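Numbering (our numbering), first residue to last: 574 to 671.
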């Protein structure tokens with residue numbers, strides 16, 4: 574996947590989660606955010622580096638942004654047991670409705 578597409582996808586997914594939450598479906602919003610987190614922790618080193626390059630603000634270096642992303646992803650991995658529940662609980666609710 575081209576990195577610009579990855580960035581657009583994550584932004585759109587985050588916006589979608591916000592819109593869904595405003596509509597009142599908080600479980601779906603949490604699930605969408607969990608899916609975004611899952612994709613982020615699954616990114617390859619090359620994609621993460623490219624994401625840092627594409628999103629780098631002028632006052633920082635690519636390396637600084639990359640290190641920041643790596644730290645955030647490490648935190649996501651540590652807290653995955655918490656946010657994975659959001660993903661699993663919504664999937665089980667959806668399965669019951671089908």
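Ideal Cβ placement from N, Cα and C applies to all residues, glycine included. Note that the structure is predicted; figures quoted are calculated from it, not measured.
*Contact the segment 646-662 vs the segment 606-617: 3+ CB pairs below 8 Å*: At 8 Å Cβ cutoff, the stretches touch.
*With a CB to CB cut of under 8 Å and the five nearest residues on each side skipped, what residues in its chain are close to residue 602?*
Cβ neighbours of residue 602 within its own chain (closer than 8 Å, five residues either side excluded): 590, 591, 593 and 594.
*Smallest Cα separation from residue 621: which of 648, 643, 660 and 649?*
The shortest C-alpha separation from residue 621 is found at 643.
*Alpha-carbon to alpha-carbon, residue 600 and residue 660*: Their backbone Cα atoms lie some 9 Å apart in a straight line.
*Length of the line joining the Cα atoms of residue 617 and residue 631*: Those two C-alpha atoms are separated by around 24 Å.
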